[in-house]
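Taken in sequence, the protein lines are chains A and B.
Sequential numbering of the first sequence, starting at 1, is according to this note's numbering.
Sequential numbering of the second sequence, starting at 1, is according to this note's numbering.
Quick notes on the structure that follows.
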Amino acid sequence: MQSSKQLKPPVTETYDSLLAPGQSLNSVTAKISDIILFPVLKTPLGWIIGFVAAGLLLMLYLYSLATLFTVGIGIWGINIPVAWGFDIINFVWWIGIGHAGTLISAILLLFRQDWRTSINRAAEAMTIFAVACAGIYPLIHTGRPWLDYWFLPYPSTLGMWPQFRSPLEWDVFAISTYATVSVLFWFVGLVPDLATLRDRSTSPIAKTLYGLASLGWRGAAKHWQRYEVASLLLAGLSTPLVLSVHSIISFDFAVAQLPGWHVTVFPPYFVAGAVYCGFAMVIVLMIPIRRWFGLEGLITMKHFDVMSKVMLASGMIVTYGYFGEIFYAWYSSSIYEYYLIVNRFTGPYAWSYWSLILFNVLIPQVLWSKKLRQNLPVLFFVSMAINVGMWFERWVIIVLSLHRDFLPSSWASYTPTFYDWSTYIGSFGLFFVLFLLFIRFIPMIAIFEVRDLVHKTTAHTAEHEDSGHAGA
Amino acid sequence: MAQVFNRRTNTIVRLGIFVGVPVILALLTATWWYYTRSDWVRDVGVAHAKVQPAGNIPGAGGYSHQLHVGGLKLDCRYCHTGVEISSNANIPPTETCMGCHAQILPKSTKLEYIRNSYEKDEPVQWNKVNDLPKFVYFNHSIHVAKGVGCSTCHGNIASMAVVYKTEALYMSWCLNCHRAPEKFLRPQSEIFNTAWTPPADQIAQGLKLKKDLNIRTSSQLTNCSICHR
Chain A
1 MQSSKQLKPP
11 VTETYDSLLA
21 PGQSLNSVTA
31 KISDIILFPV
41 LKTPLGWIIG
51 FVAAGLLLML
61 YLYSLATLFT
71 VGIGIWGINI
81 PVAWGFDIIN
91 FVWWIGIGHA
101 GTLISAILLL
111 FRQDWRTSIN
121 RAAEAMTIFA
131 VACAGIYPLI
141 HTGRPWLDYW
151 FLPYPSTLGM
161 WPQFRSPLEW
171 DVFAISTYAT
181 VSVLFWFVGL
191 VPDLATLRDR
201 STSPIAKTLY
211 GLASLGWRGA
221 AKHWQRYEVA
231 SLLLAGLSTP
241 LVLSVHSIIS
251 FDFAVAQLPG
261 WHVTVFPPYF
271 VAGAVYCGFA
281 MVIVLMIPIR
291 RWFGLEGLIT
301 MKHFDVMSKV
311 MLASGMIVTY
321 GYFGEIFYAW
331 YSSSIYEYYL
341 IVNRFTGPYA
351 WSYWSLILFN
361 VLIPQVLWSK
371 KLRQNLPVLF
381 FVSMAINVGM
391 WFERWVIIVL
401 SLHRDFLPSS
411 WASYTPTFYD
421 WSTYIGSFGL
431 FFVLFLLFIR
441 FIPMIAIFEV
451 RDLVHKTTAH
461 TAEHEDSGHA
471 GA
Chain B
1 MAQVFNRRTN
11 TIVRLGIFVG
21 VPVILALLTA
31 TWWYYTRSDW
41 VRDVGVAHAK
51 VQPAGNIPGA
61 GGYSHQLHVG
71 GLKLDCRYCH
81 TGVEISSNAN
91 IPPTETCMGC
101 HAQILPKSTK
111 LEYIRNSYEK
121 DEPVQWNKVN
131 DLPKFVYFNH
141 SIHVAKGVGC
151 STCHGNIASM
161 AVVYKTEALY
171 MSWCLNCHRA
181 PEKFLRPQSE
191 IFNTAWTPPA
201 DQIAQGLKLK
211 KDLNIRTSSQ
221 LTNCSICHR
């Protein structure tokens with residue numbers, strides 16, 4: 001019925017609803033699957049340019065990793081006492097970004113928040129790719145990734161287990177569980193849509209590949225019933241993970257004795273920070289994507305409004321954390337804690353602390369205004385600021401605490417090298433290559449869930465109560 | 001449009017999941033197990049003895065502990081001079097052999113290589129049998145001084161025509177003793193007795209020795225930097 005050569009709909013923004021008026025069951029399916037189901041040779045130029053750019057960054061990444069593996073971690077700026085540098089900063093930053101996806105897909109599913117429907121698929125994909133980018137850092141940060149199996153508790157000939165009392169070992173479990181559950185959750189949610197693509201695609205190759213991936217889904221009532229159970233179970237599993245993963249990562253610091261790390265507020269403060277920059281990243285990705293693919297009818301201003309509010313709330317928690325740290329320094333009457341704050345305010349890296357305050361605390365305050373919240377350029381800028389700010393937060397925590405510890409004789413400073421930057425910037429290549437492949441080959445919006453939403457909103461008057469997905 | 005997959009696909013996939021995956025996992029585990037702990041990989045046992053300069057056929061001219069230690073009752077320290085005083089036990093120089101073989105069997109063709117080595121002043125190239133990685137620090141003198149006999153680690157040398165490894169020298173093997181040395185300790189008089197067997201009340205004897213010799217606790221002896229310095 002719908003041709004793939006649709007006219008770009010005129011951009012009329014919808015402010016008060018999760019769907020633009022006039023969406024029907026068929027229009028939703030067509031709209032989303034047409035983005036994917038056109039011949040490979042007709043891939044839009046914008047996508048190709050983006051993919052090439054991301055691919056180049058990925059090459060930079062691979063080059064940096066190859067150098068790291070052949071030369072060793074001496075190519076980085078780390079030293080003693082600043083033994084953790086960009087590797088761990090970027091690890092914590094990326095994994096934090098992932099949290100928004102899990103929050104949107106799991107917690108909001110359990111709370112039956114309909115506004116998640118249009119954005120959850122893309123946000124979950126973002127989670128997985130961000131976790132992949134994050135997970136690589138601990139694997140490579142020793143420069144000897146071929147020994148990574150030592151992380152695992154397996155019956156080795158060493159006669160020693162990994163140190164189970166170390167938070168670094170807890171990380172291994174936290175992150176691998178998180179990655180597994182996220183991938184499963186995402187994939188299970190994809191199956192009905194992959195089946196839709198299988199049925200709608202005309203090329204035999206696409207049909208076979210989508211057919212394989214959709215695991216024989218026929219849309220039978222039994223299938224839907226099992227699907228519901230599986231996604232509810234996975235949502236239940238993911239929900240504690242939103243809280244546990246970043247709490248455990250915060251233990252990497254909080255369990256240590258170092259001033260600036262040994263803080264009990266870290267777990268909630270890290271979780272809030274993760275949600276904060278995760279949502280910022282979702283917004284940064286969604287604003288251009290919905291424009292390029294003409295998805296204004298499915299991702300409306302209402303979505304951005306709700307996400308901004310989540311950002312504002314988590315941002316306030318993070319801000320509370322910053323003030324908390326200053327308070328503890330004074331209240332602890334420990335000269336080391338006190339010096340830490342003085343050093344943050346006035347020390348050699350004071351610029352980074354004040355950037356953190358600017359990006360994470362001051363700029364996001366504009367979100368209090370509904371008008372600015374619904375102004376996409378402003379929102380984009382604020383979200384970028386938050387992403388930068390959260391990166392600075394990890395920098396401040398890691399570098400500023402390490403470079404001044406208890407003994408002045410062991411103080412030193414840290415300067416990132418070319419390879420520090422290239423392993424960071426390059427990781428965006430990995431992220432965007434994966435993300436672009438995702439939006440090209442997989443429905444970036446959950447078709448059947450939006451159909452469900454259409455069904456619910458249009459059949460509102462016809463006394464249809466919450467019917468779950470069975471009606472889709 | 002026709003279905004891409006027919007009904008049989010379900011069966012094939014089920015077979016793959018319930019039979020294929022476990023079989024592959026089992027094969028991988030078995031391979032890994034074999035490559036980390038088989039005698040073949042770790043050169044343990046007489047079948048995997050290192051080939052020495054004069055060959056490994058008993059009686060063909062290689063140095064035999066069976067003959068010199070088992071038969072002639074030579075003391076280990078006669079040749080392995082460092083064993084009580086240094087980390088290395090030392091392999092004897094040709095001069096040690098010539099001390100006897102200048103007189104005993106001076107014409108034996110089997111001892112040709114020893115005489116050559118002596119005349120040309122070129123050491124015999126023995127192949128190292130027990131070889132720890134270089135990142136491990138090991139010390140003979142402390143073990144010998146604290147009631148650990150040669151045969152606990154090297155087996156019954158006096159019965160070996162060709163020396164071979166009797167232990168795989170895993171870290172778990174070192175730690176197994178460092179965690180509970182009493183299971184292996186023997187009186188100082190038995191250190192060089194290669195046929196020593198533990199008495200029935202080994203644990204009681206061992207604990208007494210452990211106390212008398214002031215041997216440290218398990219947590220001290222499993223400290224990583226004892227062996228990885």
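Every residue, glycine too, gets a C-beta built ideally from N, C-alpha and C.
Note that the structure is a prediction, hence the values are computed from the model and not measured.
Not flagged as an interface residue toward chain A: residue 160 of chain B, since no C-beta distance is shorter than 8 Å. For chain B, the residues of the stretch 192-209 of chain A that bring a beta carbon within less than 9 Å of one of its beta carbons are 198, 199, 202, 204, 207 and 208, in chain order. Between the alpha carbons of residue 369 of chain A and residue 279 of chain A lies a gap of roughly 18 Å.
The Cβ-Cβ distance between residue 170 of chain B and residue 49 of chain B does not fall below 8 Å.
Residue pairing for residue 44 of chain B: DSSP places it in a beta bridge opposite B:165.
Taking 8 Å as the threshold, the shortest C-beta distance from residue 170 of chain B to chain A falls below it.
Nearest to residue 138 of chain A by C-alpha distance, out of A:156, A:87, A:396 and A:344, is A:87. Taking the Cβ atoms as the reference, residue 150 of chain B lies roughly 6 Å from residue 192 of chain B, within the contact range of under 8 Å. If you check each beta-carbon in the stretch 170-189 of chain B against every beta-carbon of chain A, the ones closer than 7 Å belong to 170, 171, 172, 175 and 176.
By the CB criterion at 8 Å, residue 61 of chain B and residue 54 of chain B fall inside the cutoff. In this structure, residue 242 of chain A sits away from residue 132 of chain A, with a CB-CB distance that is not shorter than 8 Å. With a beta-carbon spacing of about 11 Å, residue 425 of chain A and residue 56 of chain A fall beyond the 8 Å limit used to define contacts. By the CB criterion at 8 Å, residue 24 of chain A and residue 200 of chain A fall outside the cutoff.
Taking residue 218 of chain A as reference, the option from A:195, A:212 and A:226 with the minimal CA-CA separation is A:195. Per DSSP, the continuous alpha helix (DSSP H) segment holding residue 12 of chain B begins and ends at 8-15. Looking from the CA of residue 367 of chain A, the closest CA among A:208, A:379 and A:147 belongs to A:379.
Taking a C-beta distance under 8 Å as the contact criterion, residue 177 of chain B and residue 167 of chain B do not qualify as a contact pair.
The three-state reading of DSSP puts residue 23 of chain B in helix, counting H, G and I together.
Here residue 160 of chain A is exposed. Its C-beta has fewer than 16 other C-beta atoms within 10 Å.
With fewer than three CB-CB distances shorter than 8 Å, the stretch 105-121 of chain B does not count as touching the stretch 65-76 of chain B.
By the Cβ rule, the stretch 166-178 of chain A counts as touching the stretch 237-252 of chain A, because three or more pairs are nearer than 8 Å.
Residue state for residue 31 of chain A is assigned as helix, using DSSP reduced to three classes. For residue 116 of chain B, the enclosing alpha helix (DSSP H) covers residues 112-120. A contact is defined here as three or more CB-CB pairs under 8 Å, and the stretch 250-258 of chain A fails this definition with respect to the stretch 283-290 of chain A. At least 8 Å separates the CB of residue 11 of chain B from every CB of chain A. About 26 Å separates the Cβ atoms of residue 93 of chain A and residue 440 of chain A, ruling out a contact at the 8 Å cut-off.
Across the structure, residue 29 of chain B and residue 111 of chain A are spaced so that their CA atoms are roughly 43 Å apart.
Remark: C-beta atoms of residue 303 of chain A and residue 186 of chain A do not approach each other more closely than 8 Å. Under the 10 Å beta carbon count, residue 148 of chain A is surrounded by fewer than 16 other beta carbons and is classified as exposed. Non-local C-beta neighbours of residue 383 of chain A in its own chain, meaning closer than 6 Å and more than five positions away in sequence, comprise 280, 283 and 284, ordered along the chain. Cβ contact annotation for residue 81 of chain A (same chain, cutoff 7 Å, sequence separation greater than five): 402, 403, 405, 410 and 412, in chain order. Counting every other CB atom within 10 Å of its CB across the protein chains shown gives residue 31 of chain A a total of 16 or more, marking it as buried.
Taking residue 312 of chain A as the centre and dropping the five residues before and after it, the same chain places the C-beta of 367 closer than 6 Å to its C-beta, in chain order.
Looking from the CA of residue 124 of chain B, the closest CA among B:131, B:142, B:98 and B:136 belongs to B:98. Only residues of its own chain outside the window of five on either side were considered, and among them 431, 434 and 435 have a CB closer than 7 Å to the CB of residue 129 of chain A, listed in chain order.
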